[in-house]
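Beneath this line is the structure, given in structure tokens, with notes to follow.
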Amino acid sequence: MDDDAEIIAEFLVESHENLDQLDRDLVELEREPGSRERLSSIFRTIHTIKGTSGFLALNRLEQLTHVGETLLSRLRDGEVVMTPPIAEGLLSMVDTVRALLDGIERTGRDTDPAIAVDPVVAVLEALLAADPVAEEPVVPPPAPEPAPEPASEPALEREPEPVPGPEPEEPGERRTVVDSSVRVDVDLLDDLVDLVGELVLTRNQLLQRSLGSADAELVRASQRLDLVASELQESIMKTRMQPIGQIWSKLPRVVRDLSHQLGREVELMMEGHETELDRSLLEAVKDPLTHLVRNSLDHGIEPPDVRRAAGKEPKGTLSLRAYHESGQVVVEIADDGKGIDPATIGAVAVDRGVVTRDQLARMEARDVLGLIFRPGFSTAAAVSNISGRGVGMDVVRTNIERIGGSVDVASEPGRGTTTRVRIPLTLAIIPALVVGEGGERYAIPQANLVELVRIEGDDLSRQVEDLAGAPVLRLRGRLLPLVSLAETLGGSSSGDEALTVVVLQSDDVRFGLCVSEVHDTQEIVVKPIGRQLKALSMYAGATIMGDGRVALILDVAGIAATVGVGATQQEPADRAAGGADDRTALLVLEVADGRRAALPLAAVARLEEFGRDRVERSGTAEVVQYRDGILPLVRLAAAIGLPDTSDQGDQISVVVHESGDATGAVGIVIDRVLDVVEVVVDASEVGRRTGVTGSAVVQDRVTDLVDLDAVVRRSGVPA
Amino acid sequence: MHTGGSPGTTTRTSEQYCTFWVAGLFFGVAVDEVQEVLRLQPMTPVPRADRAVTGLINLRGQIVTAVDLRVRLGLPDRSGDELPMNVIVRSRGEVVSLLVDDIGDVIDTAGVDLQPAPTTMPRGVQDVVRGVRPLPESILLVLDADRAVDVATTPDNPGGTP
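Residue numbers (numbering that gives the first Met the number 0), protein chains in the order written: chain G, 0 to 718; chain Y, 0 to 161.
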């Protein structure tokens, strides 16, 4: 009996995988009905399920797959041609097979009376009976079936593997996958992640001890341990990475069903399905992505006649694109539908009380689109059963933000809508800023961090003001509400002569958190906290520091809610506009002894100082060893045609620029950093030359605007 | 395996208890609910949490909430120089530490029936006790670990200590 249970479990896992493939195959098949390759693949899957179910005495499943197989074998042999009713019939067979498998998973039997097998069998039999080949209807369907089957696949009957050896059609690709991978229980992987985290902590403690030790052998051994532990950690994190294609595999079916239901013609394009992210995140983004796809079909792409009238292709295009960008995974869902009209959105938002007419009037078109993510907003004029089920875009946004991601939408009325979802690569490990308060350490996710500001002496009285008990900071012309971490945590803040402000952003809220100490940034492992603390929205979890002590992770949105920092009246428009309007954050640099140049701040990953003696040569290029790799250097002055004076001290100042794929980091050597400014750049062509796109007046001084691509190209690293 | 301790269960298959003292009271938790017993661990306080939550400890990489049973049961606070012990229990899939005064032996109570707790005990204690087993030398209060670790946390609780 136990053996049976094991076989059934194995059978279920395999069959579910096969069914996913089947969905894709069937949808493909509908598009190119003649593909014998697809037909064979589908036939094999159903055949395998049938064979095994017969072996395991799952009679209803066997009966169903038997009829399906008969129909498929005729399709494969060219006796029947694929038609929409046949596709429909086969898809409903797949659904019923899935339902039966679920039933088997629950009860071990396929006898659940709630699953109607007979009607589906009847439909399939009717399809078989309608077979245009003359002699077939005379003979009862099961009769001719055994003939082709043992002939083509003699080895299959008792073989639970989806791809049998002797299959000649396309064994290559699928076999390698089967041969080179092992199925592992997810719990085991999670355990490994925990254990390796523990190992890393132990390693840290040991390293600290061994540093002062005179025992050379111990020092060497602990250094080896250090290396091995780091690599182990990296490898284990990788085992949790899965391609996003896994959650996409169901979308062709969703799109197909929906477009039929809605009377749309849609071409689904998917790109980048191999893009990997942590499996826990994959689970978390599945529903939001499906919702966005449904939205595009329901509200975006128009019916064919409307499209024709608008002079577009009757068939709409829905494209999904996934790629890595600066340590994040970006998923774009783009349609070429009717787009979103800001005027309609605005009107609806006012109507539903999401914003006041006054607020709306002050908003930019782009921010108006962002209103669809506000709670209480749903664009569905009539609630349809496709996307208007009370689950609005606000839920999509909340779910994505919960895992540290973000979502934004851009649209051109009449041309289409693009929704961009950004998700961190991994949930388990995030970069965080560690701050100190009341003798304890707290971690703030870097994703929420905007900047750090320290205000001392006279500036304190000039820039920090008290508005009826609410302290605010004048920061580059804007008022930033200040929140004291000490007071938030229930203590009292010390009236220091200096103030350290961590500027934080969450949703539409930006505020400054005053902290006592700033430690450093580090990669932290996010761990859940017990349900005794779940009601405290200020904490997102906890982590373990290098010394083994626990530190709480602050939840920025939760703190904002706790202390009541809301999106102030002018704030949302003002804030959201910060990224969208003409203001650009620039890093202003000094090069060539007093000349000024500026880089977009967004292109700057880090600022570093290296000792001059660390600069080595590789070929003609200058490089430094940096973060376990080699960082090529470019002298900015030379790259923009100025005399190089960056070598005057013992240290060189380097701006680290990372292109999309983390491997392409480049160090740009400058004299020094002057300032970070946020300005409206009024660029002029004056001074345009190699490496410089032009110049602009920044802080009353003429400043060269660096053409980053050209400078990076000089390093020999592909930009 | 274990039943998860539904309140209606008056007798349990396991009659072995891990015992400890809290403010002079003799408590026991069924051994299959106890993971381990530890000395006082370095603890990170959680500002604004319920007063019974003493802090978070790092148990081999897992973050465990420590609940002070004296506070939880409404008993007088421990004096400053008494160091509590951690009784690590499993409760509804989570691991929680109960801070107690002192640890006793594991005892087998076979043959001693579980009786309802006397209604004259303080409410705070009655709430988390499944019943009592009167042993020859002492009376064992059988703790319901699930209820003991259930700390109502109100987000507006002002500060850690009153």
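Don't be surprised by glycine CBs; every beta carbon is placed ideally from N, CA and C.
query = Alpha carbon to alpha carbon, how far is F19 (chain Y) from V564 (chain G)?
reply = 46 Å
ask   = What are the complete beta strand (DSSP E) segments, minimum 3 residues, inside the region 587–653 of chain G?
value = 594–599, 605–610, 615–617, 620–625 and 628–634
query = From this set, Y:R122, Y:P115 and Y:V95, which residue's C-alpha is nearest V141 (chain Y)'s C-alpha?
reply = Y:P115
query = Under 7 Å between the Cβ atoms of V353 (chain G) and G336 (chain G)?
reply = no
ask   = What are the start and end residues of the beta strand (DSSP E) that includes G315 (chain G)?
value = G315 to E324
request  = For the region 220–272 of chain G, list the alpha helix (DSSP H) runs that are entirely contained and at least 4 residues long, ordered along the chain.
outcome  = 244–247 and 250–261
query = Would DSSP call L100 (chain G) helix, strand or coil?
reply = helix
message = Using the three-state DSSP reduction, which class does G547 (chain G) fall into: helix, strand or coil?
response = The answer is coil: DSSP assigns G547 (chain G) none of H, G, I, E or B.
task = List the residues that DSSP assigns as beta-bridge partners of R182 (chain G).
result = Bridge partners of R182 (chain G): none, in fact.
request  = Measuring alpha carbon to alpha carbon, tell me which of G:E273, G:Q260, G:A283 and G:A308 ends up nearest L296 (chain G).
outcome  = With distances taken between Cα atoms, L296 (chain G) lies closest to G:Q260.
request  = Could you confirm whether any beta carbon from chain Y is found closer than 7 Å to the beta carbon of G545 (chain G)?
outcome  = no
key: Sub-7 Å separation of A597 (chain G) and V587 (chain G) beta-carbons   = yes
message = Assuming V99 (chain Y) and M84 (chain Y) are in contact, meaning their beta carbons sit under 8 Å apart, how far apart are those beta carbons, in whole angstroms?
response = 6 Å
Cα-Cα separation between D31 (chain Y) and S90 (chain Y), rounded to whole angstroms = 11 Å
Selection from G:H15, G:V471 and G:L448 that minimises the alpha carbon distance to L459 (chain G) = G:V471
ask   = Can you give the Cα-Cα distance for R713 (chain G) and R239 (chain G), rounded to whole angstroms?
value = Cα to Cα, the separation comes out at about 37 Å.
inquiry  = Please list, in chain order, the chain G residues whose beta carbon lies closer than 7 Å to that of N85 (chain Y).
reply    = Result: empty, since nearest Cβ-Cβ is about 14 Å, beyond 7 Å.
task = Please confirm if I339 (chain G) has its CB atom under 7 Å from at least one CB of chain Y.
result = no
query = Once you ignore the five residues that flank G686 (chain G) on each side, which residues in its own chain have a CB closer than 7 Å to its CB?
reply = G693, S694 and D703
Chain Y contact for L704 (chain G) (CB, 7 Å cutoff) = no
key: CB contact below 7 Å: K249 (chain G) versus chain Y   = no
request  = Report yes if the CB atom of V52 (chain Y) is closer than 7 Å to the CB atom of Q531 (chain G), and no otherwise.
outcome  = Yes, these two residues count as a Cβ contact at 7 Å.
query = Which runs of the beta strand (DSSP E) fall wholly inside the region 17–68 of chain Y and span at least 3 residues, in chain order?
reply = Runs of the beta strand (DSSP E) inside the region 17–68 of chain Y: 24–29, 33–37, 52–58 and 61–67.
key: Per-residue DSSP class, three states only, for R688 (chain G)   = strand
message = Helix, strand or coil, according to DSSP, for L288 (chain G) in the structure here?
response = helix
ask   = In or out: R122 (chain Y) buried (at least 16 other Cβ within 10 Å) or exposed?
value = exposed
query = Can you tell me where the alpha helix (DSSP H) with A125 (chain G) in it begins and where it stops?
reply = Start and end: D117 to A128.
request  = Flag I429 (chain G) as yes if its beta-carbon sits less than 7 Å from any beta-carbon of chain Y, otherwise no.
outcome  = no
query = For the region 522–538 of chain G, which residues have a CB atom closer than 9 Å to at least one CB atom of chain Y, in sequence order?
reply = V524, K526, P527, I528, G529, R530, Q531, L532, K533, A534, L535, S536, M537 and Y538
ask   = Straight-line CA distance for V122 (chain G) to L90 (chain G)?
value = 12 Å
key: Coarse secondary structure for L296 (chain G), derived from DSSP in three states   = helix
key: Start and end residues, alpha helix (DSSP H) containing M392 (chain G)   = M392 to R401
task = Would you identify the three-state DSSP class for A8 (chain G), choosing helix, strand or coil?
result = Helix, per DSSP.
key: N- and C-terminal bounds of the beta strand (DSSP E) containing E61 (chain G)   = Run containing E61 (chain G): none in the beta strand (DSSP E); it sits in the alpha helix (DSSP H), N58 to R75.
ask   = For D554 (chain G), which option in G:R611, G:N447 and G:G529 has the closest C-alpha, if you only look at C-alpha atoms?
value = G:N447
ask   = Quick one: any contact between the region 48–60 of chain G and the region 22–38 of chain G, if contact means 3 or more CB pairs under 8 Å?
value = no
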